[in-house]
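Trainee:
There are 2 protein chains.
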Amino acid sequence: MQGTIELLRRPRLCMGAAIAGKKEGEGPLGTGYDQVIEDDLFGEESWEKAECRFFYTACDTCIRKAGLTREQVDVLLGGDLLNQITSASMAARELKIPFLGLYGACSTMAEGLCIAAMLVDAGHVRTALCAASSHFCSAERQYRFPLEYGNQRTPTAQWTVTGSGASLISSDESLPAIAQCTHVTIGRVTDLGVADANNMGAAMAPAAADTLARHFRDTHRTPGDYDLIITGDLGQVGHDILLELMRQRGVPLITERYIDCGLEVFSPGQDVHAGGSGCGCSAIVLNSHILERIRRGEVHRVLFMATGALLSTTTSQQGETIPGIAHAIVLEGCSACSGAS
Amino acid sequence: MQGTIELLRRPRLCMGAAIAGKKEGEGPLGTGYDQVIEDDLFGEESWEKAECRFFYTACDTCIRKAGLTREQVDVLLGGDLLNQITSASMAARELKIPFLGLYGACSTMAEGLCIAAMLVDAGHVRTALCAASSHFCSAERQYRFPLEYGNQRTPTAQWTVTGSGASLISSDESLPAIAQCTHVTIGRVTDLGVADANNMGAAMAPAAADTLARHFRDTHRTPGDYDLIITGDLGQVGHDILLELMRQRGVPLITERYIDCGLEVFSPGQDVHAGGSGCGCSAIVLNSHILERIRRGEVHRVLFMATGALLSTTTSQQGETIPGIAHAIVLEGCSACSGAS
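Protein chains in written order, with this note's numbering: chain A, 1 to 341; chain B, 1001 to 1341.
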């Protein structure tokens, strides 16, 4: 079938938490985060350890906001951009919750939500926590250059978000509820031949178009059926390409109802070139701003689709192009959820 | 609940495929693999691309052996040891099957089987393919030293298996069936402080003991209830530590009914020190030797638990110890499955 999966029991996204870095805190969504950490080392000795601290803090905050203990969370699903997803793994070591490690580059927040929603829908787990993180400094030195080198950034380059977001999905009706998860579309690895590691938006846009087109085909819906369609971190370049690709496919997006987290998280004055990126980008925007808009009833039905560029320094050096992937989940506001707070 | 999950619909493991490297082909299980590839580059230009070819070939072989087309496989779950799991991602690009990328180090084969079994059990997908790969040369140069350096290996070191294994889980009753998946125990990240990157067995054994003890507690079973308990790649050192840890926990394993894929895949004469390792180790042993023993009825109920060392060169250089994780799935021989071939 390879199609969109409908979640018949409508598992509920009960809580979100977003922990952001200093620059993100200075951005247009700055007041909506649970915490803004001014110190980019978060009190740790390295940026990698700091990123782990962001991941841990997002998870811990989300669990506490939902009024739960760690023992009441059945499974943690998550990942990050670092080799061997060490931020997620080391945080999972501290949290002691059964852990499913994911790698979907910047699509990780959506990948985790999709799997978690299916597991909760099936009744295999009662409560699942999903999280993703990124850190500008740890990502930059792993994927590109030592920060000390001070390299010039191209106009298409994006700025990796420092931060982590976490979402709790549960069938526990005593918990508050923000949204119901109704559909999941799992992405396919798509590659139209972009090889420029400074143009992630162009590398990811075709995967986003593939997932969106499959989603509309499978659900017999159109872009107009959504109050908001949200991509993860296509940035300005990828955002514009996606609009064009969807026009070509005959399912044009409604521009006023389409946003990209990479364009929301920073303001044009913050000198981030094409916008924000990183697993943390869509993770903190979803788990603050978007969930708040759903909670307030400003938007009811949203499609959240984080996009990942499966970039590797090794494969790039070996002449490979950059494949992309995008996973989508539909969230519907919980005004009608039973047990909603 | 954080507990073992029982799969009430008993999704069926329908087919396995194992593609092995030359050294693995010379090992005691050599005649059981679907293909032994003599050329460690598999006709490609780099070991990384070769590993991707192993991954792709295992998936393709498994699908064809089951008599399916790629379009009939709803989702591919998998990963490998390389940064950004490029072997799996690039293979998924070629296979064009919706893809969930996983990172669980050498536990990946079990992580994929656990998630796939739950998704098929729930009816969210009909047919799922799980795969994992590793390659001695790509792993050695990423995690340790350039091969040209010819470094001496310590007695506790293990030899990364070159190969890939794939398993197909489906609710399609027209397919052949080898085993039913009955229970899943998701692992917790466990770390008792081992920091020696040449002693993965010791780093992983505590996670294996944690998962096993939780599994027995949750299912009210004992080691005697299993014809075979199989760990992924603890090697000789980790194997012995696990036996001791389980004795200390009061649930001693029955040594004749406990095997480790890292000890099965090579013979003592192959100079691999403490045994085999890598995602590919348990993947090729499960999908050849173990499934064949189940098919023949030599063993009926087995617990397959792949173990991962969440090692990163970056975190190791920053003084971190090596956390481990282990996921377990119970397979029961399909003599009683409906539709079994």
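The beta-carbon is built from N, C-alpha and C at its ideal position, and this holds for glycine as well.
1) Can you name the start and end residues of the beta strand (DSSP E) that Glu140 of chain A belongs to?
2) Along the chain, where does the beta strand (DSSP E) containing Ala1091 of chain B start, and where does it finish?
3) Taking the CB atoms as reference points, tell me whether Cys1014 of chain B and Ala1202 of chain B lie closer together than 9 Å.
4) Where do the ends of the beta strand (DSSP E) carrying Ile1259 of chain B lie?
5) Could you pull the DSSP bridge partners for Ser167 of chain A from this structure?
6) Hey, could you find the ends of the alpha helix (DSSP H) Ala1202 of chain B is sitting in?
7) Please report the straight-line C-alpha distance between Gly276 of chain A and Ile1294 of chain B, rounded to a whole angstrom.
8) Give a yes or no on whether the minimum CB-CB distance between Ala340 of chain A and chain B is below 9 Å.
9) Quick check on Ser346 of chain A - is its C-beta less than 9 Å from some C-beta in chain B?
10) Which one of A:Met109, A:Thr69 and A:Leu68 has the shortest CA to CA distance from Ala88 of chain A?
11) Under 9 Å, CB to CB, which of the residues in the region 1181-1199 of chain B have a partner in chain A?
12) What residues in the region 1093-1109 of chain B have a beta carbon less than 8 Å from any beta carbon of chain A?
13) List the residues of chain B whose Cβ lies closer than 8 Å to the Cβ of Leu311 of chain A, in chain order.
14) Mind listing the chain B neighbours of Asp121 of chain A? Cutoff is C-beta to C-beta under 8 Å, in chain order.
15) If the cut is a Cβ gap below 9 Å, which residues of chain A does Gln1318 of chain B touch?
16) The region 1061-1090 of chain B: which residues have C-beta closer than 8 Å to a C-beta of chain A, in chain order?
17) So Gly1112 of chain B packs on Leu1082 of chain B, CB below 8 Å; how close in whole Å?
18) Taking its Cβ as the centre, do 16 or more other Cβ atoms sit within 10 Å of Pro146 of chain A, making it buried, or is it exposed?
19) When you compare each of A:Gly3, A:Asp240, A:Ser174 and A:Gln180 to Pro206 of chain A by their alpha carbons, which one comes out closest?
20) How many Å lie between Ser1335 of chain B and Val1302 of chain B at the Cα?
21) When you compare the region 1084-1102 of chain B with the region 164-176 of chain A, are there three or more beta-carbon pairs, one atom per stretch, that lie closer than 8 Å?
22) CB-CB under 6 Å to Leu1006 of chain B, same chain, minus the five flanking residues each way: which ones, in chain order?
23) May I have a chain-ordered list of the beta strand (DSSP E) segments no shorter than 3 residues that lie completely inside the region 288-324 of chain A?
24) Do Ile230 of chain A and Ser282 of chain A have their C-beta atoms within less than 9 Å of each other?
25) Taking the alpha helix (DSSP H) that Ile63 of chain A belongs to, which residues open and close that run?
26) Taking C-beta pairs closer than 9 Å, name the residues in chain B that Thr222 of chain A reaches, listed in chain order.
27) Residue range of the beta strand (DSSP E) that Ala179 of chain A falls in?
28) Name the chain A residues whose beta carbon is nearer than 8 Å to that of Gln1002 of chain B?
29) In the DSSP output, which residue or residues are listed as bridge partners for Leu1331 of chain B?
30) For the alpha helix (DSSP H) that contains Leu1242 of chain B, what are its first and last residues?
31) Contact defined as beta carbons within less than 8 Å: I believe Ser312 of chain A pairs with Gly187 of chain A. What is the distance between those atoms, to the nearest angstrom?
32) Can you tell me the Cα-Cα spacing of Ile1329 of chain B and Val1161 of chain B, whole angstroms?
33) Report back the beta-carbon spacing between Phe1042 of chain B and Ser1133 of chain B to the nearest angstrom; my notes put them in contact at under 8 Å.
34) Just the Cα atoms here: how many angstroms apart are Thr4 of chain A and Cys279 of chain A?
35) Within its chain, find whatever has a CB closer than 6 Å to the CB of Gly232 of chain A; leave out the 5 residues flanking it on each side and keep chain order.
36) Between the C-alpha atoms of Arg342 of chain A and Arg93 of chain A, what's the straight-line distance to the nearest angstrom?
Mentor: Judging by the given coordinates:
1) Numbered from its first residue, the first sequence carries residue 140 of chain A at position 140. Not the beta strand (DSSP E): Glu140 of chain A falls in the alpha helix (DSSP H), residues Phe136 to Tyr143.
2) To locate residue 1091 of chain B, count along the second sequence from 1; it is residue 91. First-last for Ala1091 of chain B: Thr1086 to Leu1095, but that is the alpha helix (DSSP H), not the beta strand (DSSP E).
3) Working through the second sequence from its first residue, we reach residue 1014 of chain B at position 14. Working through the second sequence from its first residue, we reach residue 1202 of chain B at position 202. The answer is no: Cβ separation not under 9 Å.
4) Here residue 1259 of chain B corresponds to residue number 259 of the second sequence, with the count starting at 1. Tyr1258 to Asp1260 is the extent of the beta strand (DSSP E) around Ile1259 of chain B.
5) The count along the first sequence starts at 1 and reaches residue 167 of chain A at position 167. Note: Ser167 of chain A sits in a beta bridge opposite A:Gly16 and A:Cys130.
6) Position 202 of the second sequence, counting from 1, holds the residue named residue 1202 of chain B. Met1200 to Thr1219 is the span of the alpha helix (DSSP H), which, as asked, contains Ala1202 of chain B.
7) Numbered from 1 along the first sequence, position 276 holds the residue referred to as residue 276 of chain A. Numbered from 1 along the second sequence, position 294 holds the residue referred to as residue 1294 of chain B. Gly276 of chain A and Ile1294 of chain B: Cα-Cα distance of roughly 51 Å.
8) By 1-based counting over the first sequence, the position of residue 340 of chain A is 340. Residue placement at Ala340 of chain A is flagged as unreliable, the pLDDT there being 40, under the threshold of 50; a coordinate-derived value is accordingly withheld.
9) The structure shown has nothing for residue 346 of chain A, since chain A only spans 1 to 341.
10) For the purposes of this step, residue 88 of chain A is identified with residue 88 of the first sequence, where counting begins at 1. Cα-wise, what sits closest to Ala88 of chain A is A:Met109.
11) Val1184, Thr1185, Ile1186, Gly1187, Arg1188, Val1189, Thr1190 and Asp1191
12) Arg1093, Lys1096, Ile1097, Pro1098, Phe1099, Leu1100, Gly1101, Leu1102, Tyr1103, Gly1104 and Ala1105
13) To locate residue 311 of chain A, count along the first sequence from 1; it is residue 311. Those are Gln1084, listed as they occur along chain B.
14) Position 121 of the first sequence holds residue 121 of chain A. Those within 8 Å of Asp121 of chain A in chain B are Ala1122 and His1124.
15) Here residue 1318 of chain B is taken as the residue at index 318 of the second sequence, counted from 1. Per Cβ cutoff of 9 Å: Glu45, Ser46, Glu48 and Lys49.
16) Glu1071, Val1073, Asp1074, Val1075, Gly1079, Leu1082, Asn1083, Gln1084, Ile1085, Thr1086, Ser1089 and Met1090
17) Looking up residue 1112 of chain B in the second sequence gives position 112. Looking up residue 1082 of chain B in the second sequence gives position 82. Rounded, the Cβ-Cβ distance is 16 Å, inconsistent with contact.
18) Walking along the first sequence from the start, residue 146 of chain A turns up at place 146. Burial call: exposed.
19) Along the first sequence, one-based indexing puts residue 206 of chain A at 206. Measuring from the Cα of Pro206 of chain A, the nearest candidate turns out to be A:Asp240.
20) Here residue 1335 of chain B corresponds to residue number 335 of the second sequence, with the count starting at 1. Here residue 1302 of chain B corresponds to residue number 302 of the second sequence, with the count starting at 1. So the alpha carbons of these two residues sit roughly 14 Å apart.
21) no
22) Along the second sequence, read from residue 1 onward, the residue named residue 1006 of chain B stands at position 6. Rather than Leu, the amino acid found at residue 1006 of chain B in this sequence is Glu. Correct list, in chain order: His1183.
23) 301-309
24) Reading the first sequence from its first residue, position 230 is the one you call residue 230 of chain A. Reading the first sequence from its first residue, position 282 is the one you call residue 282 of chain A. Taking 9 Å as the Cβ cut-off, Ile230 of chain A and Ser282 of chain A qualify as a contacting pair.
25) For the purposes of this step, residue 63 of chain A is taken as the residue at position 63 of the first sequence. Where Ile63 of chain A is concerned, the enclosing alpha helix (DSSP H) stretches over Trp47 to Lys65.
26) The residue labelled residue 222 of chain A in the question sits at position 222 within the first sequence. The contacting residues do not exist; Thr222 of chain A stays about 22 Å from chain B at best.
27) To locate residue 179 of chain A, count along the first sequence from 1; it is residue 179. First-last of the beta strand (DSSP E) with Ala179 of chain A: Ala179 to Thr185.
28) The residue labelled residue 1002 of chain B in the question sits at position 2 within the second sequence. Glu71, Val73, Asp74, Val75, Ile97 and Pro98, listed in chain order.
29) Taking the first residue of the second sequence as 1, we reach residue 1331 of chain B at position 331. In DSSP, Leu1331 of chain B forms a bridge with B:Cys1181 and B:Val1302.
30) Along the second sequence, one-based indexing puts residue 1242 of chain B at 242. That run of the alpha helix (DSSP H) goes Gly1235 to Gln1248.
31) For the purposes of this step, residue 312 of chain A is taken as the residue at position 312 of the first sequence. For the purposes of this step, residue 187 of chain A is taken as the residue at position 187 of the first sequence. Actually they are not in contact, since the Cβ atoms of Ser312 of chain A and Gly187 of chain A sit about 18 Å apart, beyond 8 Å.
32) As a working mapping, residue 1329 of chain B is identified with position 329 in the second sequence. As a working mapping, residue 1161 of chain B is identified with position 161 in the second sequence. Between Ile1329 of chain B and Val1161 of chain B, the C-alpha separation is close to 22 Å.
33) In the second sequence, counting from the first residue as 1, residue 1042 of chain B sits at position 42. In the second sequence, counting from the first residue as 1, residue 1133 of chain B sits at position 133. Going by Cβ atoms, the distance from Phe1042 of chain B to Ser1133 of chain B rounds to 11 Å, so no, they are not a contact pair.
34) Looking up residue 4 of chain A in the first sequence gives position 4. Looking up residue 279 of chain A in the first sequence gives position 279. Rounded to the nearest angstrom, the two C-alpha atoms are 23 Å apart.
35) By 1-based counting over the first sequence, the position of residue 232 of chain A is 232. Excluding positions up to five away in sequence, the list reads Cys106, Cys261, Ser282, Ala306 and Thr307.
36) Since the first residue shown for chain A is 1 and the last is 341, residue 342 of chain A is missing from the structure and cannot be characterised.
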